[in-house]
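Enquirer: I have a structure here, written as structure tokens, and I will follow up with some questions on it.
This is the structure we're talking about:
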């Protein structure tokens, strides 16, 4: 059975809008503001839907225009290359995303330095790509570097540090290294609990990760209460019909199925599909249940 857990929040629409406003301001100085505006409006509208397939050609054109007019070693090009990379990841064009992000890594190292948050954001996106294509031997060093940066920059009790630890724990769990994942996940949850509180979606994400690791280690009696707690937090904060709740129901169903509680698993999956009838992972898992 398959589960679904969020790995990264890749980019915010607000950030994209700020960057595009900056592009228009700079472009106005060169008489290109209308051209940039038409492109940026298209990028934003498709990015927000999201419809990454339609957004991609506009993002590529904007990036090329910036490169032609302003060069590549500047914050403007860096920012838009980052957005283009997010869109490529959204399109599952991982090879192209890797190429863009390796270029971004070199540019950011030159204009920001390797100890800068923008440089680390690029590494995190590159880690997403390697994780998605199963090259976690490349993912883990990038995330370890990210963890060290966030601890140094924000402190060892900050949410930023806790979130970085949680991402690292998730990848350890992905490759089956649950013994190494467990202490990292426990530390992450402890930090997030203090920095964000137990009634937060961030805490729910960390607790979900920890619960799955414990399930994998043969501790369902510890995993189930944590997943039920996560479900209630998400119902309260994200809404009973949110995709977050559907994801929690799917994770519970995986646990129940592995414990032989088939009826509970089926009910959880059917509830998840009532929320999102197109939830592919839940559909796949329900098919497995019906075949038993």
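In our numbering, the protein residues as written are 59 to 350. The beta carbon of each residue, even a glycine, is placed where N, CA and C say it ideally should be. Being a predicted model, the structure only gives us computed values, none of them experimental.
What is the DSSP secondary structure of residue 220, counted as helix, strand or coil?
Expert: It is helical.
Enquirer: Within the same chain, show all residues whose beta-carbon is closer than 7 Å to that of residue 125, passing over the 5 residues directly before and after it, in chain order.
Expert: Cβ neighbours of residue 125 beyond the five flanking positions: 135.
Enquirer: Kindly give me the distance between the Cβ atoms of residue 242 and residue 226, rounded to whole angstroms, as I take these residues to be in contact under 8 Å.
Expert: Indeed, because the Cβ distance is near 6 Å, the residues count as touching under 8 Å.
Enquirer: Write down every uninterrupted run of the beta strand (DSSP E) in the segment 220 to 245 whose length is 3 residues or greater and which is fully enclosed by it, in chain order.
Expert: Complete beta strand (DSSP E) runs here, min 3: none at all.
Enquirer: Apart from the five residues on each side of it in sequence, which residues of its chain come closer than 8 Å, Cβ to Cβ, to residue 189?
Expert: Here the set comprises 65, 197, 229 and 232.
Enquirer: Less than 8 Å between C-beta atoms, sequence neighbours within five positions excluded: which residues of the same chain meet that for residue 200?
Expert: 181, 182, 184, 185 and 188, listed in sequence order.
Enquirer: Rank 309, 236, 222 and 237 by C-alpha distance to the C-alpha of residue 248 and give the top, closest one.
Expert: Of 309, 236, 222 and 237, the residue nearest in Cα terms is 222.
Enquirer: Would you kindly work out how many angstroms separate the C-alpha atoms of residue 105 and residue 139, rounded to a whole number?
Expert: About 14 Å.
Enquirer: Alpha carbon to alpha carbon, how far is residue 295 from residue 162?
Expert: Between residue 295 and residue 162, the C-alpha separation is close to 36 Å.
Enquirer: Find out if the Cβ-Cβ distance for the pair residue 310, residue 284 is shorter than 8 Å.
Expert: In this structure, residue 284 does not lie closer than 8 Å to residue 310 by Cβ.
Enquirer: For a quick check, are the C-beta atoms of residue 307 and residue 289 less than 8 Å apart?
Expert: Cβ atoms of residue 307 and residue 289: closer than 8 Å.
Enquirer: Could you check which residue in 150, 109, 111 and 123 has the C-alpha nearest to that of residue 97?
Expert: Per the Cα distances, 123.
Enquirer: Report the rounded CA-to-CA distance for residue 269 versus residue 317, giving the unit in angstroms.
Expert: The straight-line gap from Cα to Cα measures roughly 15 Å.
Enquirer: By a C-beta neighbour count over all protein chains shown, 10 Å radius and 16 as the cutoff for buried, is residue 69 buried or exposed?
Expert: Any reading at residue 69 needs caution, since the residue's pLDDT is 42, under 50, leaving its predicted position unreliable; the model's value is listed next. When all chains shown are included, residue 69 counts as buried.
Enquirer: Threshold first: 4 residues or longer. Then list the alpha helix (DSSP H) segments lying entirely within the segment 127 to 173, N to C.
Expert: If we require 4 residues or more, the alpha helix (DSSP H) runs fully inside the segment 127 to 173 come out as 133 to 148 and 152 to 169.
Enquirer: Tell whether a beta-carbon distance below 8 Å holds between residue 334 and residue 304.
Expert: A contact, by the Cβ cut-off of 8 Å.
Enquirer: Do the CB positions of residue 258 and residue 215 come within less than 8 Å of each other?
Expert: For residue 258 and residue 215, no; Cβs fall outside 8 Å.
Enquirer: Kindly indicate which three-state DSSP category residue 299 falls into: helix, strand or coil?
Expert: Residue state, collapsed to three classes: coil.
Enquirer: Please report how far the alpha carbon of residue 157 lies from the alpha carbon of residue 164, in whole angstroms.
Expert: Rounded to the nearest angstrom, the two C-alpha atoms are 11 Å apart.
Enquirer: With a CB to CB cut of under 6 Å and the five nearest residues on each side skipped, what residues in its chain are close to residue 116?
Expert: Within the same chain, residue 116 has close Cβ partners 97, 100 and 101.
Enquirer: Determine the direct distance from the alpha carbon of residue 246 to that of residue 236, and round the result to whole angstroms.
Expert: Taking the straight line joining both Cα atoms gives about 15 Å.
Enquirer: Residues in the same chain with beta-carbon distance under 6 Å from residue 112, minus the five sequence neighbours each way, listed in chain order, please.
Expert: Hits under 6 Å: 104.
Enquirer: Just tell me which of 191, 271, 220 and 297 has its CA closest to the CA of residue 255.
Expert: When each option's Cα is compared against that of residue 255, the closest is 220.
Enquirer: Does residue 273 pass the burial test, meaning 16 or more other C-beta atoms within 10 Å, or should it be called exposed?
Expert: The residue is buried, with at least 16 neighbouring Cβ atoms inside 10 Å.
Enquirer: Leaving aside the five residues before and after residue 208 along the sequence, list all residues of the same chain whose C-beta is less than 8 Å from its C-beta, in chain order.
Expert: Only 178, 216, 218, 219, 221 and 222 meet the Cβ criterion.
Enquirer: Kindly indicate which three-state DSSP category residue 116 falls into: helix, strand or coil?
Expert: The answer is helix: DSSP assigns residue 116 an H, G or I state.
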